Ligand SMILES: Nc1ncnc2c1ncn2[C@@H]1O[C@H](COP(=O)(O)OP(=O)(O)OP(=O)(O)O)[C@@H](O)[C@H]1O
Ligand SMILES: [Mg+2]
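Residue numbers (my numbering): 17 to 515.
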């Protein structure tokens with residue numbers, strides 16, 4: 017019997033202005049977890065979309081279970097046991113769990129949908145996935161579920177049709193630590209059942225935890241495949257970015273000035289409880305905590321996205337009265353949100369229009385938009401952040417996930433904010449660009465601005481922060497000076513219940 021579930025040979029795919037994949041190949045053994053990695057825009061998502069029927073290749077061969085296939089759609093792939101868990105989940109939020117799982121293939125009695133069977137089948141799938149999947153009901157609306165639970169619904173959809181191969185596209189990028197651990201257990205379970213996994217991720221630690229082999233791409237080209245046991249993070253990084261890079265160096269050390277902002281006893285329901293802190297000029301203030309600990313909820317108050325029940329914010333000694341993001345921007349406070357598709361981007365607009373949106377008025381002369389000036393500014397950002405796009409006029413929705421994220425960030429870099437709040441700034445961003453973004457944040461702080469950075473990644477918190485606030489259950493549990501002797505374990509211990 018063939019030990020390979022899948023072989024891709026000489027695959028090429030181009031889009032207008034981009035060669036997304038250039039003659040690449042990789043193979044997947046039965047029951048294996050094979051990770052794909054590479055910089056933003058390297059072609060990872062494109063390759064798995066081709067394998068799972070969402071895109072058609074221009075040329076090359078796909079050999080599945082020993083024979084050449086040419087499936088034309090995701091439905092055809094799914095029928096034959098190949099499923100995709102996409103980077104941006106595709107569930108219908110207004111439908112129930114069961115309806116989403118059986119969307120393309122409702123169980124029927126004659127011509128009538130058999131709801132009872134559908135609920136029962138859904139429940140059986142939940143049981144197959146274990147405890148985490150039993151935290152919701154078949155009849156629950158998807159809109160009520162957490163990101164982790166939605167991920168599970170996508171997996172239920174995948175395994176409902178006798179799946180043999182599942183491709184995951186950055187599955188953990190919006191999961192909590194606990195949900196991530198559950199996901200890994202589940203992947204283990206699936207491989208034990210003989211299911212083969214393709215796993216796309218920027219998180220090297222994850223790849224070393226769950227993958228058997230890893231293949232690296234760069235600019236649509238294959239760099240190489242390694243057995244996990246025979247490589248290390250440093251080697252993978254240099255394969256990805258084409259040079260050596262020190263992962264763990266300190267990227268910022270602030271010369272901290274006057275107090276810029278003072279938050280006093282901020283409170284909103286049970287989400288934010290009596291939160292007080294200061295932010296100084298030139299400082300990077302790290303906010304660490306698990307998902308739901310109150311970090312995002314706190315900065316939403318500062319930016320006027322939510323109203324506080326009580327508390328006050330003082331800037332330059334003056335009490336602020338922020339009722340909306342517009343007020344916040346006027347006070348020179350900027351927020352780079354974690355939700356790029358929701359609040360951060362206008363998908364149908366061009367790269368240039370998105371980048372220059374916050375300082376739109378700057379490019380208006382006598383009511384006419386100065387397109388040349390707009391293009392110049394946008395072009396500079398594209399260069400600084402190494403945004404992979406065919407051109408400045410390209411619609412943002414066609415860019416790779418990580419490149420969309422870079423555009424969200426670039427929008428604020430040019431604005432003249434005194435305080436910049438970054439919520440998970442490098443989630444889904446490759447290592448090279450991550451270093452670039454850290455350098456930019458460092459430069460912004462050196463200009464005397466104050467920076468608040470929310471991050472769930474401890475190496476990022478330790479490498480960037482001057483001071484660290486640790487959140488748990490809506491409260492600040494610790495304020496830590498980031499000295500040489502501070503360790504990841506120290507910070508973590510305040511964020512979990514043991515302390
Ligand atoms: N539907 C599309 N239309 C036009 N261009 C596309 C489309 N999908 C992908 N591309 C382009 O193909 C290239 C590869 O994109 P892909 O999404 O595969 O990258 P990726 O490796 O998944 O990156 P990331 O880590 O940022 O998710 C990019 O330059 C992207 O802009
Ligand atoms: Mg991608």
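Just so it is clear, CB atoms sit at the ideal spot from N, CA and C, and this is done for glycine as well.
Given the structure is predicted, the values throughout are model-derived calculations rather than measurements.
In chain order, what are the residues with a CB under 7 Å from some non-hydrogen atom of ligand 2? 60, 61, 103, 185, 186, 216, 416, 417, 418
Which class does residue 87 belong to by DSSP, given the choice of helix, strand or coil? coil
So does residue 196 have its beta carbon nearer than 7 Å to some heavy atom of ligand 1? no
Shorter than 8 Å from the beta carbon of residue 403 to some beta carbon of chain C? Reference to chain C is not applicable here, since this structure consists of a single protein chain.
Does the beta carbon of residue 34 fall short of 7 Å from some heavy atom of ligand 1? yes
Rounded to the nearest angstrom, how far is the Cβ of residue 485 from that of residue 495, given a contact under 8 Å? 6 Å
When you measure from the CB of residue 304 to every non-hydrogen atom of ligand 1, does any distance come out below 7 Å? no
Euclidean distance between Cα positions of residue 2 and residue 427: Since the first residue shown for the chain is 17 and the last is 515, residue 2 is missing from the structure and cannot be characterised.
By how many angstroms is the C-alpha of residue 136 removed from the C-alpha of residue 151? 16 Å
Which residues bound the alpha helix (DSSP H) around residue 506? 504-511
Should residue 404 be listed as close to ligand 1, given that the test is whether its C-beta is under 7 Å from any heavy atom? yes
Contact belief for residue 443 with residue 301 at Cβ below 8 Å, rounded distance in angstroms: The Cβ separation is near 19 Å, so there is no contact.
Can you name the start and end residues of the alpha helix (DSSP H) that residue 165 belongs to? 163-175
Extent of the continuous alpha helix (DSSP H) to which residue 477 belongs: 474-480
Measuring straight from C-alpha to C-alpha, what distance separates residue 408 and residue 348? 27 Å
With burial defined as no fewer than 16 other Cβ atoms inside 10 Å of the residue's Cβ, what is the status of residue 61: buried or exposed? buried
Could you name the residues that DSSP lists as bridge partners for residue 198? BP columns for residue 198 are empty, so no partner.
Would you check if the stretch 154-167 and the stretch 186-197 touch, i.e. whether three or more CB-CB distances between them fall below 8 Å? yes
I need the straight-line Cα distance from residue 181 to residue 370, nearest angstrom please. 37 Å
Give every residue of the same chain whose Cβ lies closer than 8 Å to the Cβ of residue 283, excluding the five residues on either side of it in the sequence, and list them in chain order. 289, 290, 291, 324, 325, 326, 327
Straight-line Cα distance separating residue 510 from residue 75: 53 Å
Count the C-beta pairs between the stretch 337-344 and the stretch 413-428 that are closer than 8 Å, then say yes if the count reaches three, no if not. no
Measuring CA to CA, which of 109, 422, 387 is closest to residue 404? 422
With a threshold of 7 Å (Cβ to nearest heavy atom), would residue 43 be considered close to ligand 1? no
Taking 8 Å as the cut-off, decide whether the C-beta atoms of residue 169 and residue 96 are in contact. no
Across the stretch 236-243 and the stretch 68-87, are there enough close Cβ pairs to call them in contact, namely three or more that are closer than 8 Å? no
Short Cβ contact (8 Å threshold) for residue 118 with residue 176: yes
Closer than 7 Å: residue 446 CB and nearest ligand 1 heavy atom: yes
Hey, how far is the Cα of residue 43 from the Cα of residue 86? 17 Å
Based on DSSP bridge pairs, tell me the residues matched to residue 50. 214, 229
Checking the sheet assignment: what are the DSSP bridge partners for residue 240? 232
Shortest alpha-carbon distance to residue 154 belongs to which of 257, 190, 140? 140
Taking buried to mean at least 16 other C-beta atoms within 10 Å of its own C-beta, is residue 361 buried or exposed? buried
Nearest residue (CA-CA) to residue 395, options 227, 239, 410: 410
CB-CB length for residue 144 against residue 188, believed under 8 Å: Wrong, their Cβ atoms sit about 21 Å apart, outside the cutoff.
Would the beta-carbon of residue 54 be found less than 7 Å away from any heavy atom of ligand 1? yes
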